[in-house]
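Colleague: For reference, each letter of the sequence shown is one residue, going 4 to 1015 in my numbering. We put the beta carbon where it would ideally sit given N, CA and C, even for glycine. This one's a predicted model, so the numbers in the text were calculated from it and none came from an experiment. Before I ask anything, let me first share the structure, which is written out below as structure tokens.
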Amino acid sequence: MSTLMARGCYCGGGCVPCQQAGRENYLNTAMIRNPDLNSFVCCAVCSKIIPPPPSPATFERIREYRPYKTRFYTHRDILEIGAELQQQQHGEKELEIQEWLEKLKKELRLAAEIQKEDALEKALEGAADEHNEFVEYLKKRHEQELEETELQTRKVMKQYLEDELKRESEAAEQRMAHKLQRVQMECALEKMQAVAEVRRQEREAALKEMAKQQKKHMEQLHEAKILAKEVYQKKFDQLTKEKQYEMNIALDISLKENQENIEKQLKEAEAEHQLKLEEAMLGQKETEAQIETLNQQLESMTVWKNSLEAEIADTRQAFQKYIDVTFPQLSPGQADFILPFRKTTDFTDLEKGAKPCDKESKASHKMGVRFTVMTGQYHKSARPGGAGGGMAHAEAESVIKNIIREIGQECAIKGQTVPETLVAFMVKAVVLDPKNDFNVDRTLTKNDVQKLIKLCIDRLLDTTNPSLDTIKMQVFFDMNYINRVELLNEQHHIVESRLASVTREITDSRARTREELESVYRKIVSYVLLRSGLGSPTDIKAVREATAALQSVFPQTEMGVFLSLSKKDKERQLKELTMTVTGIRLFNKDTGKGGESIDDVPAILNEAIPAATQSIDAELHASQQMAHRYTALLESVHENLQGNIQLGSTMLKEALFNVRQHEAFLCIILSDVITCAQEVEMMQKQFAAQMEHLKSIVQAKTAVPTSQVFPVFIALANLWTSFQDEIILLSFLTNIAVNLHQFLGTHLQLFPDEMMESHLEGVTVKSDQQRIEETMGIKVDVSDFKEQEWLFPETTANFDQLQIQYHGFCAHTFAVKDGLLLPGSPTIGILKHKEKFYAFNSKESAYIFAQNPDKFIQLIIEKAKENAELIQLLELHHQFESLAPYTQVRSGDKHLLKPITKCDSSTQTDTHILPPTIVKSYEWNEWELRRKVIKLANLRRTLTHSVQTNLSHMRRENFSQVYLLKDFSTQTKCDSSSNVPKPQIFLAGLRGGSSPTTHMIKMDLTRAVDET
């Protein structure tokens, strides 16, 4: 049997393929494979095939109908057989379809009933779900309020139900029993009846109110259901279209406004450019005119310089006249009026690298406290009137400036350039020195002024005087040294000023084309390099690294957004980009992916700090050794009282003052260096921790959230900036320490090592520590002093922080032994006198000084007048702020003068020190408390009853609404108003509870503002 599938041939055996194949062969091979007469196999010869082929089941049915036992069937017979089979099958199928339809109708009726019930249940469940979702939304929105209310309600219920009921049931009964004893029985009965009546009325009112509230809550719940259905039935597509339309309109408006602003800015920029060009041309012309004017002024200044000599003589006469009229009763101690206001120049021979403006500002800020111009005080004593005082003040300034200027010019003529600060200090030192005998009670003559100028010039030009070196050292240190905070702030200000031009070019840029945007981007890269200090803009590798890091956080595509920002926002973003890029480059350097141009600042600090500490410590040790030798030699001189003492002891004392001052300054610098080392050690730990934290975040990832890594990058950049600041601070301190050494040359020339060794033969040189150790165990007996207060290290808290007078030196030894500086021993005891503290090197010195402290204090002041460098060395600035007139010195003992001190003090008492503790819910009336308790107790025991049957649970409530007639009215003006929604809160769980703890639920059913 053939298995070929061919298209049926309708020729009845007359087609060419059939004739060629033969009728017999055709009948043997022809098979009806499909009874629908649309597609079947005609013969094995036809080449046309029509899918689909007949199924095997159909073929078997045909074989059962005609088993093909004969070979004489024609093609037409085959077609007729197929038609009969088809009709028979159609009939059978129709019967089957009718039976199936009947069954299907019955099933559909049953399914329709079931689906109808299911649909109804689903609809009800959907409505209930929507309502539940709305209620959950309300619950979530007021969740915090519900929790707070629940806590408050629990506290209130617990307080009233437990504390109040127990306490009131006991205490109130006692109080009422005590009260009821003082009244008659009839009053008690009337009160009980009144209470019962009030309780009944309150219960009825509470029941009515609860019924109203319940009805209102049910209505509100129904309204909430309807409202929820209406809200969820809104057309979201319509809302989306409306929002989209509004957004499109807003976008068009913003684009149009942006375009107008850009055009306006372009016009303004062009106008500004034209104005700048015109201003530049005008400025050029004005500069040329100014140059000509300056040439003329230079010629006139040359003529004016020649007339200054004559003017000096007139100025001296005016000064003499001013002294006679304005200051008739001044003492030598009040000669501060000679000093000018702070106006300094730089030390050309001491420090060449510092800026004059910086030195002037430092000197005016620091030296002004020490060398104060007292002209205001003298004007008041001379002329009570305000106008006269102002005129005298101006005249004093002019005269003082002329004296300072003349001294400076004379020194310059003789080959020594001195700053005005040093000249002013020297003028004060000369006037304060009693040996010079400047008495301003009498009229100062021209010779007195010349004498003052001559003495100042002689002392300024005396290169063999250690005292001058000490004064120069003090002036230099005051003009150049500042603390770390001020130095770093000044350094940051300098960096900001240097970057101002680059910042201005970036923030003021109006780039539009691609080339201009690239130029601005390159400027940003240069700004990042300059501000971070990690490489130079001329270094190609550094520029490439910075550009790559910047593009990772700020690509060029965001330049448009950056240029649209305000100037302040641009500056802020530039700083943030700098810190971020710096952190990225530091991370790449640590991981070995770049950073060749970045210096290892922590390693540099680790090498520089020990070297600087060692250098300063060696310098400090040398000064201390020299001070110990000078001290031992002076002690031997005072003990032996040898012949040529006068000159030698004076020079030795001045040399001792010089090295002690150098030691004090080196201690300050060394303390700052130690602080710097501590800061560097702490920052290195923080830097390593931040780097490890960053590595743990990244962990070879290709993308990391910026919120995680950017703060770490910024922290790394800040720490690196702090490292750079510490390098600047260390360099600053080292330079000051090196420059201080130049002020030690005089005493080294006067007392070389060979001379000192010869004089120290047989003399024991003791260090400060050895002197203190010798006095260990020696203490002052406090019982010997009734009016004096003594402090000891073991009994005083924060003993190391006491501000000991005279820089810790023994006050008695300095006053008695003509300025000998011996370190005080704290273990002996610290004397507290007039809120000041004094140390001593021996118990005997402490006893003698404590008998009359004011006497020795005044002796020290007189000694400081003779050696002005002691004012700063011993920190005596406050001692020279109030000096008695010279007439008091001449009339009595000048060593027993007491400084006159005045101060303004005030006190203030706070209105309410403690916070208020007023309880607003407090009730003093016990009947009001009873009423509240009864109300809560009744609510606690009130129940709501309801029943429901199996048939009634599916019923719903019916509502009807009546629309009242409208009131018609007319008016000429329309009044409109708005109001907030009425608060509607439902409390559930207060009634019907059997448990001791009440669980209340508070539901806020207040409608939203847009729904009212």
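Label D472 either buried or exposed according to how many other C-beta atoms from any shown protein chain fall within 10 Å of its C-beta, with 16 as the threshold for buried.
Modeller: Under this definition D472 is a buried residue.
Colleague: Give the straight-line distance between the Cα atoms of G536 and I612, rounded to the nearest whole angstrom.
Modeller: Those two C-alpha atoms are separated by around 21 Å.
Colleague: If we ignore side chains and look at the alpha-carbon of each, how far apart do F480 and Q681 end up?
Modeller: Whole-angstrom Cα-Cα distance: 24 Å.
Colleague: Distance check for I731 and T724, CA to CA, integer angstroms please.
Modeller: In a straight line, the C-alpha of T724 is about 11 Å away from that of I731.
Colleague: When DSSP builds the beta bridges, which residues end up paired with L794?
Modeller: I833.
Colleague: Can you confirm whether the segment 648-667 touches the segment 739-752 when touching is taken to mean that 3 or more C-beta pairs between the two stretches lie within less than 8 Å?
Modeller: Yes: the two stretches touch, three or more of their Cβ pairs being nearer than 8 Å.
Colleague: Leaving out five residues on either side along the sequence, give the residues of the same chain with a beta carbon under 7 Å from the beta carbon of R994.
Modeller: Excluding positions up to five away in sequence, the list reads L942, T945, L946, T947.
Colleague: Check D756 in the structure and name its three-state DSSP category.
Modeller: It is helical.
Colleague: Please confirm whether V556 and T583 have their CB atoms less than 7 Å apart.
Modeller: Yes; because the gap between Cβ atoms is below 7 Å, this pair is in contact.
Colleague: For L537, write down the residues that DSSP places opposite it in a beta bridge.
Modeller: Beta-bridge pairing links L537 to no other residue.
Colleague: Straight-line CA distance for K431 to A658?
Modeller: Straight-line Cα distance between these residues: approximately 21 Å.
Colleague: In this structure, does DSSP put M1006 in helix, strand or coil?
Modeller: Residue state, collapsed to three classes: strand.
Colleague: With a 10 Å radius around its C-beta and 16 neighbouring C-beta atoms as the bar for buried, classify T541 as buried or exposed.
Modeller: That one is exposed.
Colleague: A1027: which of R462, F660, A691, H93 sits nearest, CA to CA?
Modeller: In the structure as shown, the chain begins at 4 and stops at 1015. Residue 1027 is therefore absent and cannot be evaluated.
Colleague: Less than 7 Å separating the beta-carbons of H770 and H815?
Modeller: The residue you asked about is not His; residue 770 is Ser in the sequence shown. For S770 and H815, no; Cβs fall outside 7 Å.
Colleague: Could you pull the start and end residues of the alpha helix (DSSP H) that L1025 belongs to?
Modeller: In the structure as shown, the chain starts at 4 and stops at 1015, and residue 1025 therefore has no counterpart that could be examined.
Colleague: Using only CA atoms, which one of F754, D620, E102, L210 lies nearest to S652?
Modeller: Comparing Cα positions, the closest option is F754.
Colleague: So, is L280 buried or exposed, given that buried needs 16 or more other C-beta atoms within 10 angstroms?
Modeller: Exposed, because fewer than 16 other Cβ atoms sit within 10 Å of the Cβ of L280.
Colleague: In terms of alpha-carbon separation, which member of L301, K698, E207 lies closest to Q711?
Modeller: It is K698 whose Cα lies nearest to the Cα of Q711.
Colleague: Report the CB separation of L733 from F690 in whole angstroms; it is logged as a contact under 8 Å.
Modeller: So it is not a contact: roughly 17 Å between Cβ atoms.
Colleague: Counting only the same chain and skipping the five closest in sequence on each side, list residues whose C-beta sits under 6 Å from that of T516.
Modeller: Closer than 6 Å at Cβ, skipping near neighbours: no residue.
Colleague: Thinking just about the alpha-carbon of each residue, which of E599, R575, T616 is nearest to the one in V546?
Modeller: Ranking the options by Cα distance to V546, first place goes to E599.
Colleague: May I have the straight-line CA-CA distance separating E105 from A130, to the nearest angstrom?
Modeller: Roughly 37 Å separates the two Cα atoms.
Colleague: Along the chain, where does the beta strand (DSSP E) containing A1067 start, and where does it finish?
Modeller: For residue 1067 there is no data in the structure shown, the boundaries of the chain being 4 and 1015.
Colleague: Using only the heavy atoms of the ligand GDP, determine whether one of them is closer than 6 Å to the beta carbon of N264.
Modeller: With respect to the ligand GDP, the structure offers nothing, as it holds no ligand at all.
Colleague: My output table needs one value for A1011: the three-state DSSP class, helix, strand or coil.
Modeller: Coil.
Colleague: Put Y140 into one of helix, strand or coil per three-state DSSP.
Modeller: If DSSP states are grouped into helix, strand and coil, Y140 belongs with the helices.
Colleague: Since K846 and V783 should fall inside the 8 Å C-beta cutoff, what is the C-beta to C-beta distance between them, to a whole number of angstroms?
Modeller: The pair is a contact, with the Cβ atoms about 6 Å apart (cut-off 8 Å).
Colleague: Under a Cβ-count criterion, where at least 16 other Cβ atoms within 10 Å of its own Cβ denotes burial, should A2 be classed as buried or exposed?
Modeller: Only positions 4 to 1015 of the chain appear in the structure, and residue 2 is not among them; the question remains open.
Colleague: Taking the beta carbon of Q964 as the centre, do at least 16 other beta carbons fall within 10 Å, making it buried, or is it exposed?
Modeller: The residue is exposed, with fewer than 16 neighbouring Cβ atoms inside 10 Å.
Colleague: Use the C-beta contact count for E2: other C-beta atoms within 10 angstroms, 16 or more gives buried, fewer gives exposed.
Modeller: Since the first residue of the chain shown is 4 and the last is 1015, residue 2 is not available in this structure.
Colleague: With DSSP collapsed to three states, give me the class of L917.
Modeller: L917: coil per DSSP, three-state reduction.
Colleague: Taking just the CA atoms, how far does L269 sit from K573?
Modeller: Rounded to the nearest angstrom, the two C-alpha atoms are 19 Å apart.
Colleague: Taking the straight line between their C-alpha atoms, what separation do you get for I831 and I851?
Modeller: When rounded, the distance between both Cα atoms is 14 Å.
Colleague: Please determine, among D803, A867, E189, the residue with the shortest C-alpha to C-alpha distance to F840.
Modeller: The shortest C-alpha separation from F840 is found at D803.
Colleague: Are the C-beta atoms of L993 and some chain C residue less than 7 Å apart?
Modeller: No chain C is present in this structure, which holds just one protein chain.
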